[in-house]
Amino acid sequence: MPENTNAELIAIGTELLLGEITDTNSVYLARQLRDIGINLFLMTTVGDNLQRISTAISDALDRAEVVITTGGLGPTVDDMTRQAVADAVGAPLVFHQSLYDVIAERFRGFGSAMTANNRQQAWLPEAAILIENPVGTAPSFIVESARGVVISLPGVPREMKYLMRESVVPWLLQKYQLGVIVARTLRTAGIGESALDDQIGAELLSERNPSVGLAAHHGCVDVRITAKAANREAAQKLLDAMQARLQARIGQHIFGRDDDTLEEVVWRQLAQRGGMVHVVEAGLPGVISAGWNSANSRLNLQQYDSPVDLFAALAEDSRSMSLAELAVEIAQRSRQQMQAAASIVVLCTPDLDESPDIEQGSAVAVATEQSVRFRAYGFGARSSLAREWISRWGLANLWRQLNAERAVP
9 MPENTNAELI AIGTELLLGE ITDTNSVYLA RQLRDIGINL FLMTTVGDNL
59 QRISTAISDA LDRAEVVITT GGLGPTVDDM TRQAVADAVG APLVFHQSLY
109 DVIAERFRGF GSAMTANNRQ QAWLPEAAIL IENPVGTAPS FIVESARGVV
159 ISLPGVPREM KYLMRESVVP WLLQKYQLGV IVARTLRTAG IGESALDDQI
209 GAELLSERNP SVGLAAHHGC VDVRITAKAA NREAAQKLLD AMQARLQARI
259 GQHIFGRDDD TLEEVVWRQL AQRGGMVHVV EAGLPGVISA GWNSANSRLN
309 LQQYDSPVDL FAALAEDSRS MSLAELAVEI AQRSRQQMQA AASIVVLCTP
359 DLDESPDIEQ GSAVAVATEQ SVRFRAYGFG ARSSLAREWI SRWGLANLWR
409 QLNAERAVP
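Each residue of the sequence shown is one higher than the last, beginning at 9 in our numbering.
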């Protein structure tokens with residue numbers, strides 16, 4: 009069995025806490041650690057404050073064998089990672105003339121003058137292992153101490169990725185007896201997170217290897233299975249066994265795996281049936297149809313600037329209907345008239361952002377030969393939620409209805 013090695017990530021920079029930039033470094037590092045079998049249980053973000061950075065590193069060393077920091081290795085006064093690491097492991101900083109000469113040579117190669125503050129980049133914690141940085145000027149390093157290992161990488165994503173891939177991962181693989189961590193995602197639709205959690209059950213959700221976790225999206229819930237083993241083949245066997253157990257409990261809700269999308273799966277179902285889908289979009293063009301642009305030979309599409317534009321095509325009494333009632337009426341009527349396998353109708357108030365009146369904002373209805381489902385929302389077309397929520401709900405329920413009809417003997 010591979011060694012059980014735990015790691016923590018610390019992203020350093022006040023700009024992260026102010027929301028000025030997004031921490032993509034930690035996401036990348038998390039995937040790299042997963043792929044070589046190192047457990048990651050905590051990510052921390054800390055601003056440019058020496059005491060807080062040092063405390064964050066020290067606390068992480070109390071919990072993990074490996075701590076990886078990103079950022080704070082530049083030449084300016086707010087680049088404090090070197091000193092913070094030294095303080096956390098109880099080591100002094102030592103000046104490296106050879107490292108200073110390398111930095112100076114790189115500046116000469118750039119045709120730029122090196123300023124005096126670049127000198128601080130040549131100071132490293134005592135006994136640190138230098139990680140040469142051929143793609144930047146910020147030297148990186150590894151410090152091994154009685155408390156654990158601290159690996160400090162640049163905050164510039166291009167430099168960080170290069171050094172992690174070329175230097176850090178090989179070093180970790182050599183130091184620790186690592187296996188692999190492999191993940192698989194089962195994609196579900198037509199069921200909420202709480203209901204899915206209940207159907208899976210606490211027994212499976214509490215298992216450690218493989219572990220099972222849920223991640224909810226608009227209209228879909230992903231079930232992630234993660235296995236750790238000595239090699240990829242052994243991990244895949246663990247994943248297969250857990251997937252079979254999950255399939256027995258929630259198989260009717262699983263529409264795909266990993267990179268499968270609802271659009272692709274639903275389109276395949278419709279193509280197999282030889283059927284056409286009729287889509288009406290009023291107030292929010294492209295919310296459903298955009299994902300099917302590459303397969304529109306079976307798509308019959310009607311688009312309107314506003315739901316009001318549809319009133320003329322309906323009976324006079326439809327004017328008193330709510331958006332949801334109107335969507336249902338149009339979905340049922342248009343499916344029959346077009347002799348379609350299914351009809352999806354989206355009605356969205358074009359000039360509305362949010363409203364406390366759930367009948368006023370948006371509505372989506374899905375009609376098939378045997379069933380019709382609908383949903384109303386309080387937000388309109390101007391809301392950032394509209395496109396993702398409406399499209400996911402509409403497609404998820406179309407898949408659910410088609411899947412249910414296929415299961416009927």
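Note that beta-carbon positions come from the ideal geometry of N, C-alpha and C, so glycine has one too.
Hey, residue i and residue j: beta-carbon distance below 8 Å or not?
i: Tyr108; j: Arg90; result: no
i: Asp361; j: Ser391; result: yes
i: Leu247; j: Arg306; result: no
i: Val295; j: Ser399; result: yes
i: Val374; j: Gln347; result: no
i: Lys236; j: Gly187; result: yes
i: Gly388; j: Asp359; result: yes
i: Trp407; j: Val273; result: yes
i: Glu167; j: Val190; result: no
i: Ala92; j: Thr53; result: no
i: Ala146; j: Gln129; result: yes
i: Trp401; j: Val380; result: no
i: Leu222; j: Leu204; result: yes
i: Thr208; j: Pro218; result: The sequence given here places Ile at residue 208; Thr does not occur at that position. Against a cut-off of 8 Å, the Cβ pair of Pro218 and Ile208 comes out as no contact.
i: Ile46; j: Thr13; result: yes
i: Val75; j: Leu81; result: no
For residue i, which option in the options has the closest C-alpha, if you only look at C-alpha atoms?
i: Leu292; options: Ala92, Ala99, Cys356; result: Cys356
i: Pro100; options: Trp131, Thr84, Ala203, Gly80; result: Trp131
i: Leu58; options: Asp87, Ala235, Gly82; result: Asp87
i: Ser148; options: Gly156, Arg341, Leu161, Gln105; result: Leu161
i: Tyr184; options: Ala15, Val287, Glu337; result: Ala15
i: Leu171; options: Leu138, Glu152, Ala154; result: Leu138
i: Arg257; options: Leu213, Leu69, Gly45, Ala290; result: Leu213
i: Ala197; options: His261, Gln244, Arg240, Ala243; result: His261
i: Leu278; options: Ala243, Ser351, Ala64; result: Ser351
i: Glu377; options: His286, Thr22, Glu28; result: His286
i: Glu201; options: Gln182, His225, Ser342; result: His225
i: Glu174; options: Gly156, Val157, Asn141, Asp206; result: Asn141
i: Thr253; options: Glu215, Gln310, Val177, Ala290; result: In the sequence on display, residue 253 carries Arg and not Thr. Here the closest residue by C-alpha is Glu215.
Give the secondary structure of residue i by DSSP, where H, G and I count as helix, E and B as strand, and everything else as coil.
i: Asn217; result: coil
i: Val274; result: helix
i: Tyr385; result: strand
i: His261; result: helix
i: Ala415; result: Because the pLDDT at Ala415 is just 49, under 50, the model does not fix this residue reliably, and the point stays unresolved.
i: Val75; result: strand
i: Ile150; result: strand
i: Asp268; result: coil
i: Arg90; result: helix
i: Gly200; result: coil
i: Ile398; result: helix
i: Met51; result: strand
i: Ser391; result: coil
i: Ile352; result: strand
i: Gly156; result: strand
i: Pro162; result: coil
i: Ile137; result: strand
i: Ala99; result: coil
i: Leu186; result: coil
i: Thr84; result: coil
i: Val288; result: strand
i: Thr63; result: helix
i: Val295; result: coil
i: Val143; result: coil
i: Gln409; result: helix
The alpha helix (DSSP H) that contains residue i, what's its start and end?
i: Ala339; result: 331-346
i: Arg362; result: First, the residue type needs correcting, since residue 362 is Glu and not Arg in the sequence shown. Note, Glu362: premise wrong, no alpha helix (DSSP H); not H, not E.
i: Ala373; result: No alpha helix (DSSP H) holds Ala373; the beta strand (DSSP E) holding it covers 370-376.
i: Leu171; result: 165-171
i: Ala38; result: 32-43
i: Glu23; result: 22-25
Can you name the start and end residues of the beta strand (DSSP E) that residue i belongs to?
i: Trp131; result: 131-133
i: Tyr312; result: 307-312
i: Arg232; result: 228-237
i: Asn12; result: Unbroken run through Asn12: none, as it is neither H nor E.
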